[in-house]
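Enquirer:
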Amino acid sequence: MSNDTLTHSVTFTEAPAALTVVVDPTPQIARGSAVIVERRRPKAAGWSLLQGLGVVVDHWRKSFRKLDDPTQIAGTFTTEYPEERLPLPEAYRNMPILLFDDATGHELCTSCFQCQRICPPQVIHMTQAKDPETGKPVPAVSEFIIEYDACMSCGFCAEVCPFDAIKMDHDFELSTANHPSLTVHKAGLLRPVSYYQSIAPTFWAEAEASAYKKLEANKKRRPASIGIAPQMIEQVKAAHELRDDQQEADSPPAPVAIAPALDAGRAATPATASAAPAASDGDLPTDKAARLAAIRARNEAKKAAEQAAPAQAQPAAEGAATALTTPDAPLTDALPAASERTAPPAPATPDAPLDEKAARLAAIRARNAAKKAAQAEEE
Amino acid sequence: MITTDELQINIGPQHPSTHGVFRMLLTVDGETVVHLEPVFGYLHRNHEQLAEVNTYLQNMPYTDRLDYFNSMANNHAYALAVEKLAGIEVPERAEYIRVLMVELTRILNHAGALGFMINDMGAWQTPLAFGIREREKILDLFELVSGARMMCNYFRFGGVVRDIPDEFIPRMKKLMIAMPAYMDELERLLRENEILLARSEGIGILPREVAVSYGVTGPVLRGSGIAYDIRKAEPYSIYDRFDFDVPVGSVGDVYDRFLVRIEEMRQSRRILEQIIEQLPDASGGHINPKARQNVRPPVGDAYARVESPKGELGFYLVSDGGTKPYRYKVRAPSFINLTPLGDMCRGYKVADIVVILGSIDIVMGEVDR
Amino acid sequence: MISAVPLEWVLILASGLFCVGLFGALSRRHAVSMLMGIELMLNAVNINLVAFWRYTQPDEVGGMIFALFVIVVAAAEAAVGLAMAIAIYRTWQTVNVDSVDSLRG
Amino acid sequence: MYDVVDFLLNTQLGLNSPDWVVMLISHLVVVGMLFAVAPLQVLFLTYYERRAIARMQDRVGPNRVGYEGLLQPVADGVKMFTKEDIVPDSADKIVHLLAPIVAAAPVLYMFAVLPWGPNMIAVDLPTGLLFFFAISSISTVGLLMAGWASNNKFALLGAMRAVAQVVSYEIPALLSLLFAVMFAGSMSLMAIVEAQGGLFISTTDVPSVPDLGLGWFVFTPVGFLAFVCFFIAALAEGERTPFDIPEADSEIVAGYMTEYSGMKFAMFYLAQYILNFLLCAITATIFFGGWQGPGVAWLVSQSLSADNPAGNPVYNVLAGMLGTFYLLAKTYMFFFVMVALRGAFPRLRIDQLMNFGWKFLIPLTMINILSAALWIAITRWGTAQGFGIIEFAGEPGNLVRWVIAFAVTLVINVAAYWFLARLNVQDHAARQAALTAGGLAVSPPRSA
Amino acid sequence: MDLVVQIMFGVTGLLILGAAFMVVSVRNIIHAALWLITCFFGIAMLYLLLQAEFLAIVQILLYIGAVAVLVLFAVMLTRQIDDPDEPVLFQRWRSTLLITAILFAAVLVPTIYNHNWLIFADPQPAFAGPRELGFAFMNAYLLPFQIAAVLLLAALVGAIIIAMEDQEQRRVRVLTLAEEVALRGEREPSPPTRPANPQPASSSSNPTPPPAPEQAGEGA
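Which chain is which? The protein sequence lines are A, B, C, D and E, in order. Using this note's numbering, read the first sequence as starting at 1 and increasing by one per residue. Using this note's numbering, read the second sequence as starting at 1 and increasing by one per residue. Using this note's numbering, read the third sequence as starting at 1 and increasing by one per residue. Using this note's numbering, read the fourth sequence as starting at 1 and increasing by one per residue. Using this note's numbering, read the fifth sequence as starting at 1 and increasing by one per residue.
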């Protein structure tokens, strides 16, 4: 910068180098021109002040109604936040979450490390699960940590995930006085697929479609290999069974092709759980865990109710949800307790409900049964 | 009138009107500024060095944080630089979406910048609230397409991350109706306002030659009377397809910058109208399918620049053939425009310097990097 | 007031104030302090004027008028005196009247 | 109030208490009432301002604490009073402590001379108007003390600005009010209000107009110009936008209040809002008839008084209530204008403020005094005063005189406004030309 | 009743004298000015006791609102570094004290007590409100009134001229950027705004060489 001649001293004797720049102020501009802005003068002294006052008072007058039409510029445009909420677009992204299948409880993550690699602030940490017997790594994740406090919500992890296992949540009310609780472990990250489906239906449909496409391609190319997350297969199959039948009448039915993969996935789950630290739910604030449990329960209940009696689905689901959020049904407490009870004697009998996931599954089933009973009672 | 001592005053780093953590070391004689020394660097966070240990794609969200008012424009400049370096083609629809976002960003920025400037003049937030109201509508659109309001991270090499949803264009058209009403109202509120005239006319004059010698760009340069707009001077992207004018000032004071910004918002709206007309309907054309996100550009360097709302924003990248840039340099308009502040403020009153600072329109995230 | 407080008390109060003001005007080194002393003296005079008006001629306004003139003169004196103090400060960078001694041989 | 206390003590209770006891008790009761009114007004004013300005900015404003946020100022007050009181280490501790008291106490005195309704005034001083401004000038000392004792450059700068501004705008404020003293022939605020009966034409000028309490001084050209000038000066005295220079947060943080926190800060805040309220009230009193309004005169005529022993005391109460309602309605209207100004305008710079005050406002108010004198001469004088040019006797004569006075003063005032505005604009343009001298080296670019 | 008045007079007198004593003795000049204000306030109270209500208000308006504020202002404008070693009083302040004490004790008090004052016999409440004063100013005291007005004007002009600094000198000291550029333009002929040999049309779309990106790096 040649600003040494432009300091505040007024003794300038040497030729100011800065000022010899030759400037052409009139460029030839293609399509359009340079216009000089008009420096207006007020027409009469004080008039423009009254005009400005008029604008403000006009806004005051009009602000007693809400600004709901975006073509308008007057009216209250704020929202009363806790009561009123703006609808969040599907694309909204806040913090990453992990998905698991509602029905089976299978996590979609295969610990491929793509997200950990792409994460710009490097807040994703994961440990691949190992088969307890052979010690070989299996495509599942035993621990998954995201530091929410350092996450910058860029959404790259969700973008790169080939198994649609990690998605961006819409929950933005994360503020807490407990800073360590923002280092979220796997148990805190897991959400059912139906939860994500409820916040971003189109996006999930797209994900399903592309997963199905991949599956189809794999079916043709390498029928027995794990092309997509094994846990996805059931899901995808269920969603596309109808279309599948209509489109490709001559192709072999999907279950045949994916059966080995499915088995592999099933085999992996006990291993996952045995390696997992038992009570990671303990790190979560209890209200959050309770909310999560409530969502899960509601999904479960809804599904069950739909199967049982479609007409009474809604009240039943609500009833179940309220029942589960009350302290009388401490599901969240039951979960770690169950896993704690069963996990320490590590690779015990394989058919027992050893792991956390299985425990949860059992809990879900128990819940369903309880709810059905409650429903029956109501009737 | 009455002689007093020369007094040293620190305005900032914690001060309501320094737009972030910025310090102005003032030497005042009474209320007249004798000398002003801008001190910055309080927000330095090693942006450029950090970029050299990240991959090209990983840097994209960091550019959002440079000038957090205009993340789309920052994304655009960086994407252009990487595309230039790696030779990535951008589909036509993606180009249109990009320009659409960037011009919306320009309106958003100017609405905010004018509001903040007038807030510094002492108007108790009304022009700012009006600006924020319009900005809010635009941010809703950004949220719709990118998922975030400010840190959009929307651009990718070879296009944008996802196509605009169906409801975008209808909402956009509604917004286009509100924009001129907002601008007219702002002018009615302030353009001829005698207090604003008294506070801005003849204040902070940046003569044309001095502006050029400092390398000032953007509305500040155009306010000083030079019709230099990169969209015209070196049309990047598809800017050669649109009709729009370049507003310039005649004196180079705060008032000219104010007027230039209002006029630029109108011109941006003109561009948006043309985009809505011309937007090619190619589904899936939002990104070049061949473009890999994990780019590995050939050895070489590239400099790409855009007309960000604040001025010329340039990214200079050197590649050593790896996945990470060997050198990454940002030419930040706020920083360059801030350098003549000391000269611009000299001889004016203490109350004027906050207005002059507001009229330059800086974001400290970009200045300190 | 008249019955309770004799005129002499008021006059003594005024003369005491005058003496304090005189002492201040004569012995303070700060130019503005000297002005304050003079203000005190003028106020003492004013008290006298008002007291005489109240005790001797309450049916006429002469005493009040004189007091008002004194206030006017005091205001003018304060304005000019302070302007001088500022001028002295500008020239000598001090308001200590001791230091303003450029006429001393 | 004296009558009420006298009635209660001596007639009802039969205490036979001496005169001074009754007087003391009645004054204490009035003082207690006013002392309770002042903070309540401030509480409501802050709420009112925040809600109104929020509406102007398309927001809602505070609406959480209590019904529609009505308890928000109380919550703010509780917060302020429970905050830690921080005194800077290098501050002058005693002066720092005294400053808010000196700033806040005088404004409470100003309630003493404000007429709330017919016969509702704490002290009807014959020099009420002068008292009002004399007392208000004490609080500038408090500001100066605050600025100096804080030992902070911003605080000192803010205090200097505040004092320079308040002292120089007291002159146009007082000069613009002189016309009311001339019209009413008294400095007593009660007399000024009582002179404003009538219907667009004051009963003091034309006694035959129906007394609907609408003969406000603002309906005369003299009064209107004075109103504009006084309101501008009041904005400067109350440190309101566009003259809130002493506490310009974008320049000097919070001015003289920078180093204050908690309760002391609340005292400054209190002082400022009471002052604003009182300035609005005095504007209403002097230009808009104070408690005068349709119905008050009739109620007063029906009420019990020394002249009308057959009156009903209920009407006394009703007249008082209606008068207070009118006064408060007018006051809040003016406060709304203050809020709207705050919402709409940037603030001036200190030198521009001084220029405006000394070069525009003071000459204008002086010319307005000339107009006022002409008004008095035309409407009231006759041959007895050596002003026999207009000889109209009787009722139509008064009206004709009024019309002539109206026309003459209107012409003078409009011409003065136009002339002074023009002078100032030219002056401004000349200074602008000097300022932009170098910038004009920028020759306008040619459009392609 | 008399006792009450006497007590009030005593309190007021003590306030006045005590404050005046603080004015001349306190070290800090700002504190002295604040004591001066206290003293003025006490004098206003005394005026109220003397039933000079109008004068009391004028005392507050002019002395506290104007003169004292002016004094404070002047003190703050002439910032003096407080040197604790420097004495606030002249070297011979003891002799001054002696002289004033003698003046008070030997001259003023005996004179006051030895003179036979013509006290107005009838203690009726006197009244001199603004109306009476106005009539007096416009009739009997018209000439002094005019002279006082002229004096005030003279003082106003004089004060401004004494305190004002040479405008030219000041303008030269701090020039704005625009003024500086204009001044340079006068000293030497300004460079041609158009280049001597016009650029070819093809390159004219890029009028100014854009600042090189490295330029920014130097500043950082």
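All residues carry an ideal CB built from backbone N, CA and C; glycine is no exception. As the structure is a prediction and not an experimental result, all values here were calculated from the model.
#1: Going by beta carbon distance, what residues of the same chain come within less than 8 Å of ASN10 of chain D, once the five residues before and after it are set aside?
#2: Would you verify that the beta carbon of SER48 of chain A is, or is not, closer than 7 Å to some beta carbon of chain D?
#3: Under 8 Å by Cβ, that's how I've got VAL295 of chain B and PHE155 of chain B pegged, so tell me the actual separation to the nearest angstrom.
#4: Could you give the DSSP three-state label for HIS125 of chain A: helix, strand or coil?
#5: Return yes when the Cβ of GLY323 of chain D is within less than 7 Å of the Cβ of TRP298 of chain D, no when it is not.
#6: For ALA34 of chain A, list the residues DSSP reports as bridge partners.
#7: I'd like to check one pair, LEU85 of chain B with ALA302 of chain B: are the Cβ atoms closer than 7 Å?
#8: Find the residues of chain F that neighbour PRO180 of chain B, judging by a C-beta separation of less than 8 Å, and give them in chain order.
#9: Classify VAL21 of chain B as helix, strand or coil using the three-state DSSP reduction.
#10: Kindly say whether ILE230 of chain B, judged by its beta-carbon, lies nearer than 7 Å to any beta-carbon of chain D.
#11: Touching or not, the segment 77-96 of chain D and the segment 83-95 of chain A, by the rule of three or more beta carbon pairs under 8 Å?
#12: Whose CA, out of D:MET190, D:VAL163, D:PHE325 and D:THR258, lies closest to the CA of ALA68 of chain E?
#13: Using 10 angstroms around the beta-carbon of LEU28 of chain D, count the other beta-carbons present and answer buried if the total reaches 16, otherwise exposed.
#14: Name the chain D residues that come within less than 7 Å of ALA63 of chain A, Cβ to Cβ?
#15: Pull up the CB-CB distance for PHE345 of chain D and GLY46 of chain A, whole angstroms please, since I reckon it's below 8 Å.
#16: Report back the beta-carbon spacing between LYS310 of chain B and GLY218 of chain B to the nearest angstrom; my notes put them in contact at under 8 Å.
#17: Taking Cβ-Cβ distances shorter than 8 Å, what residues in chain E pair up with ASN43 of chain C?
#18: Which residue comes first and which comes last in the beta strand (DSSP E) that contains MET321 of chain D?
#19: May I have the straight-line CA-CA distance separating LYS330 of chain D from VAL56 of chain A, to the nearest angstrom?
#20: So what's ARG257 of chain B in DSSP terms, helix, strand or just coil?
#21: Let me know the alpha helix (DSSP H) ranges lying completely inside the segment 176-200 of chain B, each 4 residues or longer, listed in chain order.
#22: Give the straight-line distance between the Cα atoms of LEU225 of chain D and ILE404 of chain D, rounded to the nearest whole angstrom.
#23: Considering only residues of the same chain and omitting the five flanking positions on each side of TYR214 of chain B, which have a CB-CB separation below 6 Å?
#24: Report yes or no: do three or more beta-carbon pairs, one from the segment 121-140 of chain A and one from the segment 100-112 of chain A, lie closer than 8 Å?
#25: I'd like to confirm the pairing. Which residues does DSSP put opposite LEU98 of chain A in its beta bridges?
#26: Look at the alpha carbon of PHE137 of chain E and the alpha carbon of LEU62 of chain E, and state the distance between them as a whole number of angstroms.
#27: Name the chain D residues whose beta carbon is nearer than 8 Å to that of ILE262 of chain B?
#28: Going by CA-CA distance only, name the one from C:LEU68, C:CYS19, C:VAL5 and C:SER15 that's closest to ILE99 of chain E.
#29: Is the Cβ-Cβ distance between PHE453 of chain D and VAL218 of chain D less than 7 Å?
#30: Output the residue ranges of the beta strand (DSSP E) runs that lie fully inside the segment 129-155 of chain A and measure 3 residues or longer, sorted by chain position.
#31: State whether the segment 117-129 of chain D contacts the segment 43-52 of chain D, with contact taken as three or more CB pairs (one from each stretch) at a distance under 8 Å.
#32: Span of the alpha helix (DSSP H) holding SER26 of chain D?
#33: Determine the direct distance from the alpha carbon of LEU108 of chain D to that of GLY147 of chain B, and round the result to whole angstroms.
#34: Return the residue from the list A:ILE166, A:ASN178, A:THR104 and A:PRO96 that minimises the CA-CA distance to ALA207 of chain A.
#35: Tell me the DSSP secondary structure of ALA304 of chain B in three-state form.
#36: Against LEU341 of chain D, what residues of chain A qualify as contacts under a CB-to-CB distance less than 8 Å, listed in chain order?
Expert: Once the coordinates are examined:
#1: ASN16, SER17 and VAL22
#2: no
#3: Their Cβ separation, rounded to whole angstroms, is 13 Å, which puts VAL295 of chain B and PHE155 of chain B out of contact at 8 Å.
#4: strand
#5: The criterion of a C-beta distance shorter than 7 Å is not satisfied by TRP298 of chain D and GLY323 of chain D.
#6: B:VAL246
#7: yes
#8: The chain inventory of the structure shown lacks chain F, comprising the protein chains A, B, C, D and E.
#9: VAL21 of chain B falls in the coil class under three-state DSSP.
#10: no
#11: With a cut-off of 8 Å on Cβ pairs, the segment 77-96 of chain D is not in contact with the segment 83-95 of chain A, counting fewer than three such pairs.
#12: D:VAL163
#13: exposed
#14: Looking at the sequence shown, residue 63 of chain A is not Ala but Ser. Ordered by position in chain D, the residues that pass the 7 Å Cβ test against SER63 of chain A are ARG55 and ASP58.
#15: Not quite, the Cβ-Cβ distance comes to about 12 Å (not below 8 Å), so this is no contact.
#16: 5 Å
#17: CYS39, PHE40, ILE43 and TYR63
#18: Segment 313-344 is the alpha helix (DSSP H) holding MET321 of chain D; no beta strand (DSSP E) there.
#19: Spanning the two alpha carbons is a distance of roughly 20 Å.
#20: Reduced to three states, the DSSP call for ARG257 of chain B is helix.
#21: Entirely contained in the segment 176-200 of chain B, the alpha helix (DSSP H) runs reaching 4 residues are, in chain order, 194-200.
#22: 18 Å
#23: So the qualifying residues of the chain are THR339 and PRO340.
#24: yes
#25: A:ILE166 and A:LEU190
#26: Each residue's Cα considered, the two are about 18 Å apart.
#27: Under the 8 Å cutoff, chain D gives no residues; its nearest Cβ is about 16 Å from ILE262 of chain B.
#28: C:CYS19
#29: Since the displayed chain D opens at 1 and closes at 448, residue 453 of chain D lies outside it and no answer follows.
#30: 137-147
#31: no
#32: 19-56
#33: 56 Å
#34: A check of alpha carbon separations from ALA207 of chain A across A:ILE166, A:ASN178, A:THR104 and A:PRO96 identifies A:ILE166 as the nearest.
#35: strand
#36: LEU53
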